[in-house]
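**Student:**
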Amino acid sequence: MANHYDFERRIALVTGGASGIGAATVERLRAGGADVHVFDLANGDDVRDPAQLGAAVRRLPRLDILLCCAGVGGESQRTVDVSDEEWQRVHAINLDGVFYANRAAIPKMLEDGYGRIVNVASIAGKEGNPMAAAYSSSKAGVIALTKSIGKDLAGSGVLANSIAPAVIDTPILGQITEEHISYMTARIPLGRVGEPEEVAALICWLASEDMSFSTGACFDISGGRAVY
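When we follow this note's numbering, the leftmost residue of the sequence shown carries the number 16, and every step to the right adds one.
#1: CA-CA distance, Arg-73 and Phe-22?
#2: Which residues in the same chain have their Cβ closer than 6 Å to the Cβ of Ala-215, if we skip the five residues on either side of it in sequence?
#3: Could you tell me the distance, in whole angstroms, from the CA atom of Arg-104 to the CA atom of Gly-88?
#4: May I ask you to report which of helix, strand or coil DSSP gives Val-214?
#5: Let me confirm a value: Gly-206 is counted as buried when at least 16 other C-beta atoms fall within 10 Å, else exposed. Which label applies?
#6: Whose CA, out of Phe-114, Trp-220, Gly-231 and Ala-120, lies closest to the CA of Lys-166?
#7: Report the three-state DSSP secondary structure of Val-11 (helix, strand or coil).
#8: Hey, could you find the ends of the beta strand (DSSP E) Thr-30 is sitting in?
#9: Thinking C-beta only, is Tyr-150 closer than 8 Å to Asn-117?
#10: State the Cα-Cα distance for the pair Pro-76 and Ile-164, rounded to the nearest angstrom.
#11: Can you tell me where the alpha helix (DSSP H) with Ser-177 in it begins and where it stops?
#12: Please confirm whether Val-113 and Ile-178 have their CB atoms less than 8 Å apart.
#13: Assign Gly-32 to buried or exposed, taking buried as 16 or more other Cβ atoms, counted over all protein chains shown, within 10 Å of its Cβ.
#14: For Glu-210, tell me which candidate among Leu-188, Tyr-20 and Gly-140 has the shortest Cα-Cα distance.
#15: Does the distance from the C-beta atom of Ser-91 to that of Ala-181 stay below 8 Å?
#16: According to the neighbour-count rule (16 or more other Cβ atoms, all chains shown, within 10 Å of its Cβ), is Phe-54 buried or exposed?
#17: Could you tell me the distance, in whole angstroms, from the CA atom of Glu-126 to the CA atom of Leu-82?
#18: Excluding the 5 residues preceding and the 5 following Ala-136 in the sequence, name in chain order all residues of the same chain whose CB lies nearer than 6 Å to its CB.
#19: Who are the near neighbours of Leu-68 in its chain, counting only those whose CB is closer than 6 Å to its CB and skipping five residues on each side?
#20: Between the Cα of Arg-45 and the Cα atoms of Gly-59, Ile-36, Ala-27 and Val-62, which residue gives the shortest distance?
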């Protein structure tokens, strides 16, 4: 039986919440009683637009939990073949979008002196994957951004952490080559890809009141690929 976290009376905003890790976490947050608002391209929402994100946050009476899960895998290409447009697109969604969402959410959280921010990075942000310079660097940026935010907010009651999943069975796998997927899976000691629900379990702990003494950290959920 899965652990149950009490999210009664908590209000959450989840970017990329219509599929994959985001959708699995939305389901679990709601099961715990949270009022969850989904910001997703499937609904016409674009994390590249800071005005849209700002408006979404302002519409909420309060914001207790922010989960930034929106992201793209990018094209599987050698670094010298990555176009300016592809580089900018991947970073705009994976890194700029996280920055815009965090920047919009933090003032509202500070009003109440409480908040939990979870930014989804990747094991690629720690190690760098071949054929994925744009993706890897964007996720490394998410890790560093979260470290800075965590230190900025230390003592405020708002805690910010990131997670670094290895390859997870989500729609993002459809954006990359089988060769790239095989490379990533072969490096997982547990010998399989992860499931969105497994990642959601970690996210929900980080989003809960039970998590009270960590900020600016990056939590590994990679089947043993990285342990740092």
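No residue lacks a Cβ here, since even glycine has one placed at the ideal position from N, Cα and C.
**Tutor:** Short version:
#1: Residue mapping note: residue 73 aligns to position 58 of the sequence shown, counting from 1. Residue mapping note: residue 22 aligns to position 7 of the sequence shown, counting from 1. Distance between the alpha carbons of Arg-73 and Phe-22 is about 21 Å.
#2: Your numbering for residue 215 matches position 200 in the sequence shown. Around Ala-215: Ala-39, Thr-40 and Arg-43.
#3: As a first step, residue 104 must be located in the sequence shown, where it is residue number 89. As a first step, residue 88 must be located in the sequence shown, where it is residue number 73. When rounded, the distance between both Cα atoms is 11 Å.
#4: In the sequence shown, the residue the question calls residue 214 occupies position 199. Three-state DSSP puts Val-214 in a helix.
#5: As a position in the sequence shown, residue 206 is number 191, starting the count at 1. By the neighbour-count rule (16 or more Cβ atoms within 10 Å), Gly-206 is not buried but exposed.
#6: Position 151 of the sequence shown, counted from the start, is the residue given in the question as residue 166. Out of Phe-114, Trp-220, Gly-231 and Ala-120, Gly-231 has the C-alpha closest to the C-alpha of Lys-166.
#7: Because residue 11 is not part of the residues shown, which for the chain are 16 to 243, the question remains open.
#8: Taking the first residue of the sequence shown as position 1, residue 30 is located at position 15. Unbroken beta strand (DSSP E) run through Thr-30: 26-30.
#9: Counted from its first residue, the sequence shown places residue 117 at position 102. Counted from its first residue, the sequence shown places residue 150 at position 135. No, the pair does not count as a contact, with Cβ atoms beyond the cut-off.
#10: Taking the first residue of the sequence shown as 1, we reach residue 76 at position 61. Taking the first residue of the sequence shown as 1, we reach residue 164 at position 149. For Pro-76 and Ile-164, the distance between alpha carbons rounds to 23 Å.
#11: Sequence index remark: in the sequence shown, residue 177 carries index 162 (1-based). Note, Ser-177: premise wrong, no alpha helix (DSSP H); beta strand (DSSP E) at 173-180.
#12: Here the question's residue 113 lines up with position 98 in the sequence shown. Here the question's residue 178 lines up with position 163 in the sequence shown. Cβ distance not < 8 Å, so Val-113 and Ile-178 don't count as in contact.
#13: As a position in the sequence shown, residue 32 is number 17, starting the count at 1. Buried is the call here.
#14: The residue given as residue 210 occupies position 195 in the sequence shown. The shortest Cα separation from Glu-210 among Leu-188, Tyr-20 and Gly-140 belongs to Leu-188.
#15: Walking along the sequence shown from the start, residue 91 turns up at place 76. Walking along the sequence shown from the start, residue 181 turns up at place 166. Their beta carbons are not under 8 Å apart, which means Ser-91 does not touch Ala-181 by this criterion.
#16: By one-based count along the sequence shown, residue 54 stands at place 39. Phe-54 comes out buried.
#17: For the purposes of this step, residue 126 is identified with residue 111 of the sequence shown, where counting begins at 1. For the purposes of this step, residue 82 is identified with residue 67 of the sequence shown, where counting begins at 1. Each residue's alpha carbon lies about 18 Å from the other.
#18: Reading the sequence shown from its first residue, position 121 is the one you call residue 136. Cβ within range, chain order: Lys-154, Val-157, Ile-158, Ser-177 and Ala-179.
#19: By 1-based counting over the sequence shown, the position of residue 68 is 53. Closer than 6 Å at Cβ, skipping near neighbours: Tyr-115, Ala-116 and Ala-119.
#20: What you label residue 45 is simply residue 30 of the sequence shown in a count that begins at 1. Closest by alpha carbon: Ala-27.
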